[in-house]
Each structure stands twice: as structure tokens, then as C-alpha cells.
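Participant: Here the protein sequences come in this chain order: A and B. Numbers 1 to 415, taken from UniProt numbering, label the letters of the first sequence in order. Numbers 1 to 415, taken from UniProt numbering, label the letters of the second sequence in order. In this text, a Cβ means the ideal position worked out from N, Cα and C, and glycines have one as well. Predicted model only: the values in this text are computed from it and were never measured.
Number of protein chains: 2
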Amino acid sequence: MSEVISKSTAAQRAATVMNRLTTSQKNEALVLIADALVAEQAPIIAANEEDLARGRDNGTSPALLDRLKLTPARLKDISDAVRQIVELPDPVGDLLDSFERPNGLRIEKRRVPLGVIGIVYEARPNVTVDAATLCLKSGNAVVLRGGSAALSSNKQIIAVIRDALSRSAVPSDAVQLIEDSSRASVDEMLKLNGLLDVIIPRGGASLIQNVVQNATVPVIETGAGVCHTFIDESADYGMAEAIALNAKVQRPSVCNSMETLLVHDRFAGRYLAELAEAFRNANVELRGCETTIAFVPWATLATEQDFATEYNDYILNVKVVKDVDDALAHIARFGTKHSECIVTANDAIAERFLQEVDAAAVYHNASTRFTDGFEFGFGAEIGISTQKLHARGPMGLPALTSTKFKVVGNGQIRG
Amino acid sequence: MSEVISKSTAAQRAATVMNRLTTSQKNEALVLIADALVAEQAPIIAANEEDLARGRDNGTSPALLDRLKLTPARLKDISDAVRQIVELPDPVGDLLDSFERPNGLRIEKRRVPLGVIGIVYEARPNVTVDAATLCLKSGNAVVLRGGSAALSSNKQIIAVIRDALSRSAVPSDAVQLIEDSSRASVDEMLKLNGLLDVIIPRGGASLIQNVVQNATVPVIETGAGVCHTFIDESADYGMAEAIALNAKVQRPSVCNSMETLLVHDRFAGRYLAELAEAFRNANVELRGCETTIAFVPWATLATEQDFATEYNDYILNVKVVKDVDDALAHIARFGTKHSECIVTANDAIAERFLQEVDAAAVYHNASTRFTDGFEFGFGAEIGISTQKLHARGPMGLPALTSTKFKVVGNGQIRG
């Protein structure tokens, strides 16, 4: 039996226990994990040093090495994040609907855990703790398949978590780490219908596309964001500049940052040169349509491919559009249905934009950077769903649950 | 451009219009469809005759020919079902959540259409009308791929529906029929990410498995039901017999009918022989465990494969179990997470069963045959989901929607 099958089978057995646990039992286990991540920081940091040394030998970039690195301060933050999950309401058991039928059947629809969740992700070892504890809080078992760059760190973190769980009501087998870092172990997870109830990919576009294209297990797609900000004719210049700059440069590397700025031609005539200067001062490279270049001679010409690209970098496409219809058409063609914004003083146009744009989150006069479980007040986030089924947009704990109908009768049969 | 791509592209364009329609506009279109299905019954029945004649030439069984057959009375029923959909509340626009953040952002979560729904189904032409009108009412466009046996009927029905829509605010292109009845057209739909938002298979196990195994478009899995009834020690005999018989024979061909009866050994000692006679009188073949055969000598020995089989027929597996744990273990191993029932007078044991069985619907003292959108009072049913994501159990109109976060600010940026 392969590692993937044996560990997933153990997780499935643990899931039947998880389904019966109280919120207190789960929270006590999470507190033990939070404590252990600080108490056992020495072996975790030692293991992390192995990953960092291997990374340096392999020529990994300083930026990536920094993302990989664990310090006592970072472990404290990770531990504190687990304590925040303890404070969140437990979605399991929530009554979503309740009704009685004319024949006397009493029907309740309640939240239940999904069962066993597979997470396929890349390097950052904080995801290991985050994903595991969110799954546990929502009553699920989890099978983690992290990237090889963090394998030593992940193994030690999981050893600490499973040891903490052994002193709790949560079975240690509810958390599994796949140590085989070959592509084959991912491929095996993707086809594990019957053992895994869902797979959630977290990482870059190629990781996510591999999961979406090859999984037969249901997937919650996360990630890709080619997000737009449309500055309408009536927008206030100061507000428009602040929102557009924030959407691009506050953290360019993430999925809810802006990749393309759409500017109404009358606004462009008055303000585009000034706005472009603000981006130049923020070290943003501009790629524009021909009209843009007429206003901003230092911009380069954007290609069709540019408009479809998630740069995650200090690069911005700019396109001058005729009106909101033109903006809507561009977004429908190039958007990834993640987060889209209009800046306007015209409420009727804003309402059209909010209604007609097909995206997880649509904004009027606020930065797309707010598409985030914490910013929405969910208290946690397992990812941002870019699909339309099950969950859309930032996913908190309820996104990690399913439902069950409980039907109580007194002998009813169907006529 | 293939038929599948050109028609799906047209559906996607229509979906952007559907998203803007009012409930009244959609209902007016549905009434025109209901009227037309009766007014245009002559060409529909003539087309259906072609399918029936081809079926007879191909040696199709009388039972299947009967399912395929349309009569004026059946068309009246199909038309009346469309009028019932008119009466149902429109889920689109429903406010699911609404909150204001400390920074003043106002966030609403509202239901929106899924977009373009692909339906892959088998012979019965009533599904063509049913699926199309449920998708329209929920604001979606639909691409239908029915079976070749009903192709002439489906073509004529869709021509009538599209003609009716041409006199309404709903674009005719919101309803598309794929006429290519080769396997290739299904395979093409399954990979049509970006044009189809979801695929719902309706039909037998092999159709559903082909979709689940090969689709990269998100799927809502429906269908397979290996459902159990567990008669506990304390069950009232009369109630137990009535529920078990109803679950098996009221309509054996459907997914919520019972395939395996689990009997507590103390109940078996008193009543199994009598219960078996009741099934024999209803022409049900019994396949039992060895203990069952000691009580019911005319039963044959059930194999492992039998316990895993959805017969959809007058055949029943019977297994004598020690207690509720034994029953739970059997269901966990052989159940398909569809509908499971316990008959007991012991509320504590009933509660354990309702809590611990992992299924879309769990019953205490009522027949599994109630797992149905109409019986649950949803007024309609696009299918019964046997997966855990998005929708589980009977799916009414809300299962055909997604959500969107609408965020309104006054210049908020992220710090």
C-alpha cells in the first residue's frame, strides 16, 4: 500500500471520530498545538535550517528563502494564529434550515464536516499549521502534501502537532503529511475518490492548474486573480489615485492585487498623465493601449497576452475605455472572476457594475486588496475560491463543511 | 468551430443577459414555454413517434419505450410542471449575509446565477423541459446533451422552447441542445472550462462515472444510492415492516430505494421469518448473510459484491447485525452516502445513528423514499446530489446558484 493510500485511509478512520467531537474537545487540542509550536521551537527551527541550507545549495532566491525561514518570532505568530482559530465559532452542527412537512416528517439541515480534506501546497511552512488547524476546528481530517523545499520543516511541525494531539481527544491520525515529494504522490491524491472528500490547492498557477485538470476528487479552486480597477468619468481624482495605487503596490505578489487599470477616456484626458506619474514614483512599470501611450509616452505597448497575465509584480496594464460598457466587456474577456472595482461618483453606474460583473467580489470605491478572509471579518481563511460551486471568494471555516438532512418521523411511508 | 463550442459560446453570451432579468421577465418566458408545449404538441408527438419507431427497430425494451413515449396527457403534465416552477420563489438576488466592517466597508453576500450549466442525461424527454426551465428560472443558460434515443423528440421540444423564448425577454440562445449524439460531444463538454460553469449528469451509474472521472469542469454528482434500513432491537414490528417494504418496493428503480436491510439479531430472532414472508409476497428476491439464511431458508447467500450493488430492482440484501455499531460499520463500508434509515423506539440509539452516519439524508422511523425535492417541499428538483460540495441531497433552485460579495466603500484602502 502506498504512503498516500495508507495515510489517507488512516485519516478517513480518524474523520469518523472527528465527527463526534465537541467544540471544547477540538479547542483543547488546538491549544495544545499552539503551546507545542512554541515549546518545541528548537527542533522545528533546526529542521527549518536543513531546508534553508538545501535551498541555498540549490540557488534558491533570497526572497523565497525568506518566505521559507522560521524564527522564534514567526513561530510565535503562527502559534498565536492557532489561538485565534480557537476563538472562532465552530460551524459544525449549525442549524441551517428546519421545517415540518404536512405528513409530519420533521426535517433539519445541519452543517457537518466535509470528512477528509487534501491540501496540495507550496513552500511556506506556516501553511502547514494554518491548514491543519482550520481543518481540525471544522471537524475534518487532513492530508497535507507540501512542497519539497519545506519538507524537513513540515515533517518536524507535523511531528509536533501529532504529538500534541496524542494528549487530546483528537486522534493524531487526523493530521497526515505526505512525505513523498515526487509528482506521483500528488497525482495519486488527485484520483483518490472515496478516501478524500475534497482537494484544495494552494500555490501558484501551475500547481492549481495541475490539480484542476487532473483531479477526479472534487476541487475547490483558489488563486488566480487578474483583477481590474475601472476609474469612471465622475471619479474623484484623489480617491481614484489612492485606490488604484493601493490595489497595485500595497502587496503586488498576491491574487487580489490589481493587474489592469481601466480609465474612462474623459478621466484620462484630465488625469491620466498625473496618475501615471504616481505609479512611476511607486516604481511601477506601465504597459498601455495606444491611447494610454499618447498620454504616457514612457509606457510600453501592452499586448493581448499582457492583459491576460497575472503579473504579481510591479507591472500594470492600462487601457483607456469609452464607457462602463467598454470596461465591462474588457473585464468579461480578461478577468478571472476574482475581484473587480469601479471608482465612480455615479451610483447608477456603480450599481450596474456591481450587478453585471461576474466575480467573487465586486467593489465600489474601495481597493480590491480587501478580498481576504480576515479583512471580511471571517477570522480565518483557508484560501480564496475563484470557482462558483460550494464557496466563492474568501473561505472561512463554514467553507470546510458540508450539510446533512436529518429526518425524524413516526412511521411515515411514501404513497 | 465545433457544435459544442459554438453553442456553449452562444449560451455564455445569453447568460450575461439572463443575469440582468427580473423574476417577472423569467416567469413570463416560462409561461410562454408552458403554453407552447401544449399548443405545439402535434409536431412534438410526431417527432417522438420517430424516436419510438427507431427504438422498436433497435429492439428497445417495452419498459424503455414507455419511458420515451410522449402523449397529449404527458405533455400536459410536463407543461403543468413548468407552471409550478413559475410559482416558486426566485433565488437570484437573495441576501445571504450583510455586514459592515470597522473601516466602514459595507459587504453584502447575494445569490447570483451559476452562469452556464451543462446537463448530460439519458433518454426521457421530460428531462429536457424540466432541466431547461429550472436553469432559466434560476437565471442560468443551459447546454443540454440528451441521449440519442430521444434525439428527434428533444430537437422538436427545444425548437418549441426557443421559439417561445423569442417572444420573451429571455434570449433563445439561453437554451442549447447538442445534437451530436456521439460520445465525442460529451467528452468535449467535460473539458469546456471557461465556457461551462458546472456539469450535472443525470442518468445511470456509467453515465455519471464517465462525467466524474473525465470532467475538468466542476461537477455536481448525482445518483448512485446503495441505501440501507437498519431495524433495531426495540423497533415496533408493524412500523418496521411498513417502512422496509415501502423503501424497497414502492418504486425499486430509483436511487432512494433500499438495497440492503440490516436487522438487529434480537429482532431477527423474533421477526425475520415473518418479515421475509412479507417481502416474498411482494415478489422480492432475498440475498442474505448466513444468519439470515438460518431464518429464511429460501434466501440465497449474499456476496460482498451484492452488498455493494445498487439493484434498482426487486432484489434485497439482508444482513443480521449484532448492534448499532455493527450496522454503522456496514453502512460506512457499503453505503454511497445517499439515504440511510434506522427504525427504533430508542431515541439515544436513533440520535447516534443520525449523528454518525455520513449521508446526504438520515432517517429515524421513516422511509428512505422521501429523499426527493418535492417530498422535502422544495417544489422542484434538478437531481439528488451525492457529493459533499456545494449541494448535498435533493437540489432545488438555490442549488443552481452561486454567490457574489458586493462591497461598497468611500475610498477605503488597505493599510
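With 7 Å set as the bound, which would you pick, yes or no: does the beta-carbon of P91 (chain A) sit closer than that to a beta-carbon of chain B?
Facilitator: Not an interface residue.
Participant: Does the beta carbon of I413 (chain B) come closer than 7 Å to any beta carbon on chain A?
Facilitator: Yes, its Cβ sits closer than 7 Å to a Cβ of chain A.
Participant: Against chain A, which members of the segment 222-256 of chain B pass a CB distance test of less than 7 Å?
Facilitator: If the cut-off is 7 Å between Cβ atoms, the segment 222-256 of chain B has M239, A242, I243, N246 and Q250 near chain A.
Participant: With a CB to CB cut of under 6 Å and the five nearest residues on each side skipped, what residues in its chain are close to T229 (chain B)?
Facilitator: Closer than 6 Å at Cβ, skipping near neighbours: A244, A247, M258, L261 and C341.
Participant: Just to confirm, are L70 (chain B) and G118 (chain B) a CB contact at a threshold of 7 Å?
Facilitator: Not a contact, by the Cβ cut-off of 7 Å.
Participant: Near V357 (chain B), which residues of its chain fall below 7 Å by C-beta distance, leaving aside the five closest residues on each side in sequence?
Facilitator: Excluding residues within five positions, the ones whose Cβ falls inside 7 Å are L328, I331 and E340.
Participant: Cutting at 6 Å between CB atoms, please list the residues of its own chain near D313 (chain A), excluding the five before and the five after it.
Facilitator: Here the set comprises P252.
Participant: For the alpha helix (DSSP H) holding K319 (chain B), just list the boundary residues, first then last.
Facilitator: Where K319 (chain B) is concerned, there is no enclosing alpha helix (DSSP H), although the beta strand (DSSP E) it sits in stretches over I315 to V321.
Participant: Please go through the same chain and pick out, in chain order, the residues whose beta-carbon is closer than 8 Å to the beta-carbon of T60 (chain A), but skip the five residues on each side of it.
Facilitator: These residues qualify, in order along the chain: L68 and A149.
Participant: Let me check understanding here. Comparing Cα to Cα, which of B:A273, B:T292 and B:G288 lies closest to T303 (chain B)?
Facilitator: Nearest of B:A273, B:T292 and B:G288 to T303 (chain B), Cα basis: B:G288.
Participant: Residues of the segment 382-409 of chain A in Cβ contact with chain B at a cutoff of 7 Å, in chain order, please.
Facilitator: So the close ones are Q387, K388, L389, H390, R392, G393, S402, T403, K404, F405, K406, V407, V408 and G409.
Participant: With a 10 Å radius around its C-beta and 16 neighbouring C-beta atoms as the bar for buried, classify Q130 (chain B) as buried or exposed.
Facilitator: Reading off the sequence shown, one finds Asp at residue 130 (chain B), where the question assumed Gln. Buried is the call here.
Participant: Tell me the DSSP secondary structure of K404 (chain B) in three-state form.
Facilitator: Note: K404 (chain B) maps to strand in three-state DSSP.
Participant: Quickly, what does DSSP pair R111 (chain B) with across the bridge? List them, please.
Facilitator: R111 (chain B) pairs with B:T403.
Participant: Note down, in chain order, each residue of its chain lying with its Cβ closer than 8 Å to the Cβ of A46 (chain B), except the 5 sequence neighbours on either side.
Facilitator: Q156, listed in sequence order.
Participant: Interface residues of chain A around F279 (chain B) at Cβ under 9 Å?
Facilitator: Under the 9 Å cutoff, chain A gives no residues; its nearest Cβ is about 15 Å from F279 (chain B).
Participant: According to DSSP, is L70 (chain A) helix, strand or coil?
Facilitator: Coil, per DSSP.
Participant: For residue 418 (chain A), I'd like the list of residues in its chain whose CB is within less than 7 Å of its CB, leaving aside the five on either flank, ordered along the chain.
Facilitator: A query on residue 418 (chain A) cannot be resolved here, the shown segment of chain A reaching from 1 to 415 and no further.
Participant: For L95 (chain A), count neighbouring C-beta atoms within 10 Å of its own C-beta (all shown protein chains included) and say buried if the count is 16 or more, exposed if not.
Facilitator: Exposed, by the Cβ-count rule.
Participant: Go through the segment 212-285 of chain A residue by residue and report every complete run of the alpha helix (DSSP H) that reaches 4 residues or more, in order.
Facilitator: As far as the segment 212-285 of chain A is concerned, its whole alpha helix (DSSP H) runs of at least 4 residues are 237-249 and 265-281.
Participant: Under the DSSP definition of a beta bridge, which residues are partnered with Y311 (chain B)?
Facilitator: In the DSSP output, where bridge partners are listed per residue, Y311 (chain B) has none listed.
Participant: Since T371 (chain A) and P394 (chain A) should fall inside the 8 Å C-beta cutoff, what is the C-beta to C-beta distance between them, to a whole number of angstroms?
Facilitator: About 6 Å; that satisfies the 8 Å criterion.
Participant: Taking C-beta pairs closer than 8 Å, name the residues in chain D that T16 (chain B) reaches, listed in chain order.
Facilitator: This model lacks chain D altogether; the protein chains it does include are A and B.
Participant: Can you tell me whether R162 (chain A) is helix, strand or coil according to DSSP?
Facilitator: DSSP places R162 (chain A) in helix when its eight states are reduced to three.
Participant: List the residues of chain A whose Cβ lies closer than 8 Å to the Cβ of V198 (chain B), in chain order.
Facilitator: Under the 8 Å cutoff, chain A gives K388 and L389.
Participant: Check the Cβ-Cβ distances between A366 (chain A) and every residue of chain B, and say whether any is below 7 Å.
Facilitator: Closer than 7 Å: yes.
Participant: Taking only three categories from DSSP, how would you classify D97 (chain B)?
Facilitator: Looking at D97 (chain B) - three-state DSSP - the assignment turns out to be strand.
Participant: Are there 16 or more other CB atoms within 10 angstroms of the CB of E381 (chain B), so buried, or fewer, so exposed?
Facilitator: It is buried - the Cβ of E381 (chain B) has at least 16 other Cβ atoms within 10 Å.
Participant: E375 (chain A) to A361 (chain A), Cα distance in whole Å?
Facilitator: Approximately 13 Å between the Cα atoms of the pair.
Participant: Within 7 Å (strictly less), CB to CB, does S211 (chain A) reach chain B?
Facilitator: Reading off the sequence, residue 211 (chain A) comes out as Val, not Ser. Taking Cβ atoms only, chain B never reaches closer than 7 Å to V211 (chain A), which makes this a no.
Participant: Check the Cβ of residue 454 (chain B) against every Cβ in chain A and list those closer than 7 Å, keeping chain order.
Facilitator: No statement about residue 454 (chain B) is possible, as the shown extent of chain B runs from 1 to 415 and does not include it.
Participant: What separation, rounded to the nearest whole angstrom, lies between the Cα atoms of A268 (chain B) and S152 (chain A)?
Facilitator: The alpha-carbon atoms of A268 (chain B) and S152 (chain A) are separated by roughly 56 Å.
Participant: Can you tell me which of B:T309, B:V318 and B:D306 puts its alpha carbon nearest to the alpha carbon of P297 (chain B)?
Facilitator: It is B:V318.
Participant: In this structure, does DSSP put T300 (chain B) in helix, strand or coil?
Facilitator: T300 (chain B): strand per DSSP, three-state reduction.
Participant: Contact between the segment 397-414 of chain A and the segment 171-185 of chain B: three or more CB pairs below 8 Å?
Facilitator: Contact fails: fewer than three Cβ-Cβ distances are below 8 Å.
Participant: Given V408 (chain B), which residues of its chain have a CB within under 6 Å of its CB, disregarding the five upstream and five downstream residues?
Facilitator: Around V408 (chain B): R106.
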